[in-house]
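For reference, the structure discussed in these notes is given below.
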Amino acid sequence: MATVTTFPFAQLPHIESSPRRVRVLFGGEYIVDTTDALLVWLKPNYPYYFFKNKDVPEKYLVDAFQSQKHHIYDIVVGNRRAEAAATAYHDDELDGLIQLEFSEMDAWFEEDEQIFVHPKDPYKRVDVLQSSRHVRIEVNGVEVANTTRPRLLFETSLPIRYYIPKTDCKLELLTPSETTTQCPYKGVASYYHVNLPSGEVLEDIVWWYRTPQLECAEIKGCAAFYNEKVDIYVNDVLQPRPESPRASKRASAIVPV
């Protein structure tokens, strides 16, 4: 089976300082505005922003509950309240640091650029390359895409993703899904179900980006299929299905690939 790159750090949590100005907007106010933020990896996938106590004014924090290692606060600005949205740590390496729930805030900015979902990992790289490889995709023996002009997306720690121009996909077998996901590197993804002639429906195994982030602009309008759930032939060679966190999961509602 194909595998993906392993996590680069030997121990968690891993903590690094960030050179960027970070601002967090909630209820019409910047409740954080600092050049002293920390990137913290609590798990291998990606980092979170943590802040020193001095950078999160107490006037926005209202006690919620407390454990031996954590103090949980609601964040309150005027009549806006985000329940249990701030966690102050009182143990080991994270002592004295506060984490804010990314999705509970109205907006996050690095310098003057808004960021989405989570901070980008400084050790992750995403490249999109035009290719002339012959890529053919089957779902349970039914061909759903066939192209010699794929865009190959290479992303650190993830399998190669083959983005296929829609005109090289059998669109009559694809039904739009209501699912959308967000990725900080690519943007907002929309999904398709695959409807096979047998009547079988495979949900959310195809995705595409209408307006991807600039760094991945070349995948605009192209469709990608989950390598883990379909058969992909490259130059007539069947590719091993990769072992990745998404191999046994439906498309994530938070972070797509």
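So in this note's numbering, the last spot in the sequence shown is 478, and the numbers never skip. All C-beta atoms in this analysis are idealised placements derived from N, C-alpha and C, irrespective of residue type, glycine included.
- Secondary structure at F323: helix, using DSSP grouped into helix, strand and coil.
- The continuous beta strand (DSSP E) containing E250 extends over residues 250-255.
- Taking C-alpha positions only, L373 is separated from D389 by approximately 15 Å.
- Each of P234, A366, I319, E304 was checked against the Cα of V427, and the nearest Cα belongs to A366.
- Contact fails between the region 314-330 and the region 344-357, because fewer than three Cβ pairs, one in each stretch, are under 8 Å apart.
- The three-state secondary structure of K273, taken from DSSP, is strand.
- Distance check between Q335 and each of S378, I381, L246 places L246 closest, using alpha-carbon atoms only.
- Rounded to the nearest whole angstrom, the CA to CA distance from L395 to Y412 is 9 Å.
- Beta-carbon to beta-carbon, V409 and T401 are separated by about 6 Å, close enough to satisfy the 8 Å threshold.
- If only uninterrupted beta strand (DSSP E) runs of at least 3 residues are considered, those enclosed by the region 289-372 are 291-298, 301-310, 318-321, 328-331, 334-336, 347-351, 356-360, 363-368.
- Between the alpha carbons of P461 and T369 lies a gap of roughly 20 Å.
- By DSSP's assignment, E376 forms a beta bridge with V347.
- In terms of Cβ geometry, P234 and V277 do not form a close pair [threshold 7 Å].
- Residue pairing of C390 in beta bridges, as defined by DSSP: A366.
- A distance below 6 Å between beta-carbons, with the five flanking residues on each side excluded, links I358 to the following residues of its chain, in chain order: V365, A366, F446, V451, I453.
- In the structure shown, the three-state DSSP call for L423 is strand.
- When the beta-carbon positions are compared, V458 and V356 stay at least 7 Å from each other.
- Sorting F375, V363, L423, P340 by C-alpha distance to the C-alpha of C404 places P340 at the top.
- By the beta-carbon neighbour count (other beta carbons within 10 angstroms, threshold 16), E376 is buried.
- Note on geometry: alpha-carbon atoms of E393 and K441 lie some 20 Å from one another.
- Taking every protein chain shown into account, the CB of A303 has 16 or more other CB atoms within 10 angstroms, so this residue is buried.
- With a 10 Å radius around the Cβ and a threshold of 16 neighbouring Cβ atoms, R382 comes out buried.
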